[in-house]
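Peer 1: Residue numbers (this note's numbering): 8 to 529.
#1: Could you pull the DSSP bridge partners for residue 181 from this structure?
#2: Is it right to say residue 521 is buried, meaning 16 or more other beta carbons lie within 10 angstroms of its own, or is it exposed?
#3: Contact check, residue 394 vs residue 424 under 8 Å by CB: the rounded distance?
#4: In this structure, how does DSSP classify residue 205 when only helix, strand and coil are distinguished?
#5: Using the Cα positions of residue 14 and residue 523, report the straight-line distance between them to the nearest angstrom.
#6: If you drop the 5 nearest sequence neighbours on each side, which residues of the same chain put their C-beta closer than 8 Å to that of residue 526?
#7: Of the choices 346, 249, 239, whose alpha-carbon is the least far from that of residue 273?
#8: Taking 6 Å as the limit between beta carbons, can you name the residues of its chain near residue 176, skipping five residues before and five after?
#9: Out of curiosity, what's the CA-to-CA distance linking residue 68 and residue 299?
#10: What separation, rounded to the nearest whole angstrom, lies between the Cα atoms of residue 389 and residue 55?
#11: Excluding sequence positions up to five away, which residues of its chain have a Cβ less than 7 Å from the Cβ of residue 367?
#12: Beta strand (DSSP E) containing residue 106: first to last residue?
#13: Buried or exposed, going by whether 16 or more other CB atoms sit within 10 Å of the CB of residue 528?
#14: Please classify residue 429: is it buried, with 16 or more other beta-carbons within 10 angstroms of its beta-carbon, or exposed?
#15: Helix, strand or coil, according to DSSP, for residue 532 in the structure here?
#16: Can you name the start and end residues of the alpha helix (DSSP H) that residue 339 belongs to?
#17: Could you please give the first and the last residue of the uninterrupted alpha helix (DSSP H) stretch that includes residue 436?
#18: Spatial neighbours of residue 268 within its chain, please: C-beta separation below 6 Å, excluding the five flanking residues on both sides.
#19: How far does the beta strand (DSSP E) with residue 82 in it extend, from its first residue to its last?
#20: Between residue 261 and residue 232, what straight-line distance do the alpha-carbon atoms span, to the nearest angstrom?
#21: Please state if the CB of residue 498 and the CB of residue 427 are separated by a distance shorter than 8 Å.
#22: Between which two residues does the beta strand (DSSP E) harbouring residue 67 extend?
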């Protein structure tokens with residue numbers, strides 16, 4: 008055994024955030040990456056608001072905002088004619104930042120907490136993995152590592168996180184399947200500076216029978232040009248992309264200084280398991296999908312955020328190991344929905360034939376006219392509607408409360424969803440604090456009900472992991488529930504349970520499921 012609690016394999020954005028979340032909670036972490044140098048190519052760009060919340064809690068959001076550019080709208084064209092424009096409210100806007108910059112900012116935060124990245128270290132094997140899935144079956148996993156000069160190291164650690172990309176060595180060592188499909192066509196991508204006028208806060212979709220051209224602004228005057236490879240193929244580069252811009256894109260735009268160019272195929276795949284014993288998969292090691300909507304890196308960062316606090320709670324004895332059972336189901340279901348949504352968008356890019364083009368254009372016009380996308384789907388893209396399905400009745404109010412019905416609808420504060428961000432910040436839940444957020448019991452109660460508050464105090468005394476806060480009256484509008492009651496908020500900001508005045512027995516049973524009693528922690 009070493010003096011490390013968790014071995015993180017992979018130092019991309021997902022692995023870095025996982026390591027940061029663990030370090031800030033007092034967990035000893037070792038990060039390795041087989042690459043000798045950090046990645047230089049600007050693969051992923053988009054950071055959506057839910058992930059910006061996570062980065063704000065980590066203390067790096069201001070730096071992210073200074074370095075990135077916001078996206079105000081998605082604008083669609085058909086044969087160069089304006090078709091639809093879907094605008095984003097300010098609190099729902101993504102920011103564009105090349106992946107190396109995101110990694111640089113996270114690496115600096117990692118180092119500020121005493122962490123480091125060991126580069127040029129490759130995982131060769133994992134021994135002593137328990138395939139029953141039970142955490143208690145073993146006390147750790149043995150990793151075989153290869154250093155420069157073919158020097159081998161065997162290290163035993165309690166937990167391993169595989170954040171090592173789509174070709175994950177960790178996933179391969181575990182024998183976990185990677186199921187899904189690959190789109191038939193290849194895509195061409197060129198990042199370049201330009202001459203001509205392009206909006207700095209819009210993503211443009213120029214749709215034509217021959218394919219869709221997507222133009223995405225980046226910092227420093229760079230734009231990304233993305234298209235299905237033209238018939239006949241050819242070499243990806245400025246001449247090819249310029250021809251596509253001239254054929255179907257905005258007039259008067261010239262690509263001048265290429266920054267990066269590549270040809271790639273789009274896969275939609277998901278690991279059949281996200282955890283095996285004491286080994287976890289996250290990020291591209293667990294799922295890959297179309298770049299439509301810019302959700303890929305965000306999905307991986309939310310994996311890291313979901314697992315980080317749970318793993319730390321189990322290692323520190325604050326929660327039972329059963330808490331880790333929720334990681335795979337929660338993140339697998341979230342990934343399934345993202346793969347579904349990005350597949351719909353990708354197939355809209357590829358619409359061909361007069362009938363399909365007419366149907367697609369009619370659908371876009373209808374969505375633009377009704378405002379349905381801005382009202383209902385932009386919050387989904389922003390990550391505001393992500394919710395994990397409740398597993399236990401103790402997570403819900405008793406009886407036939409309207410809150411139970413609300414949980415079946417999109418929007419609002421529902422069990423499994425995130426506590427509304429502005430209301431959370433106003434109550435001191437989340438934000439760039441001195442320490443990481445923990446469990447919070449947020450109360451909505453009249454000041455005169457001292458007896459109920461006394462009962463809450465007795466409960467909180469038995470569970471020292473919990474902070475108790477009083478919600479202001481205005482929080483009722485944000486949460487959608489005006490009744491006296493409570494919200495149990497997890498360290499990642501998701502609502503673990505909600506109940507009303509007479510549901511304190513439910514609350515105590517739920518706490519007994521997700522937290523270790525004080526006596527077990529001593």
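Built from N, CA and C at the ideal position, the CB exists for glycine as well.
In this text the structure is predicted, and so the values were computed from the model without any measurement.
Peer 2: So, to answer that:
#1: If you number the chain shown from 1, residue 181 lands on position 174. According to DSSP, residue 181 bridges with nothing at all.
#2: Walking along the chain shown from the start, residue 521 turns up at place 514. Buried, because 16 or more other Cβ atoms sit within 10 Å of the Cβ of residue 521.
#3: Translated into positions along the chain shown, residue 394 becomes position 387. Translated into positions along the chain shown, residue 424 becomes position 417. Yes, they are in contact, since the Cβ atoms of residue 394 and residue 424 sit about 4 Å apart, within 8 Å.
#4: The count along the chain shown starts at 1 and reaches residue 205 at position 198. DSSP places residue 205 in coil when its eight states are reduced to three.
#5: Taking the first residue of the chain shown as position 1, residue 14 is located at position 7. Taking the first residue of the chain shown as position 1, residue 523 is located at position 516. Residue 14 and residue 523: Cα-Cα distance of roughly 24 Å.
#6: Mapped onto the chain shown, residue 526 falls at position 519. The predicted model places residue 526 with a pLDDT of 39, which falls under 50 and marks its position as unreliable; any figure quoted below should be read in that light. Nothing listed; no residue qualifies.
#7: Residue numbering aside, residue 273 sits at position 266 when the chain shown is read from its first letter. Looking at the Cα atoms, 346 is the closest of the given residues.
#8: Within the chain shown, the letter at position 169 stands for residue 176. Correct list, in chain order: 130.
#9: If you number the chain shown from 1, residue 68 lands on position 61. If you number the chain shown from 1, residue 299 lands on position 292. Distance between the alpha carbons of residue 68 and residue 299: 24 Å.
#10: By one-based count along the chain shown, residue 389 stands at place 382. By one-based count along the chain shown, residue 55 stands at place 48. Approximately 5 Å between the Cα atoms of the pair.
#11: Reading the chain shown from its first residue, position 360 is the one you call residue 367. Cβ within range, chain order: 355, 358.
#12: Sequence index remark: in the chain shown, residue 106 carries index 99 (1-based). Premise fails: residue 106 lies in the alpha helix (DSSP H), 106 to 119, not in any beta strand (DSSP E).
#13: Here the question's residue 528 lines up with position 521 in the chain shown. Reliability of the predicted coordinates at residue 528 is poor, the pLDDT of 40 falling under 50, and the value obtained from them is presented with this limitation in mind. Classification for residue 528: exposed.
#14: One-based indexing of the chain shown puts residue 429 at position 422. Burial call: exposed.
#15: Here the chain has residues from 8 to 529 only, and residue 532 is not among them.
#16: Here the question's residue 339 lines up with position 332 in the chain shown. Residues 334 to 356.
#17: Translated into the one-based positions of the chain shown, residue 436 becomes position 429. It is not in any alpha helix (DSSP H) - residue 436 carries neither H nor E in the DSSP assignment.
#18: Residue 268 sits at position 261 when you count from the first residue of the chain shown. Once the five neighbours on either side are set aside, the close Cβ partners of residue 268 are 197, 243, 244.
#19: Walking along the chain shown from the start, residue 82 turns up at place 75. Per DSSP, residue 82 belongs to the beta strand (DSSP E) from 80 to 85.
#20: Here residue 261 is taken as the residue at index 254 of the chain shown, counted from 1. Here residue 232 is taken as the residue at index 225 of the chain shown, counted from 1. The alpha-carbon atoms of residue 261 and residue 232 are separated by roughly 12 Å.
#21: Numbered from its first residue, the chain shown carries residue 427 at position 420. Numbered from its first residue, the chain shown carries residue 498 at position 491. No, they are not a contact pair.
#22: Position 60 of the chain shown holds residue 67. Careful: residue 67 lies outside any beta strand (DSSP E) and carries neither H nor E.
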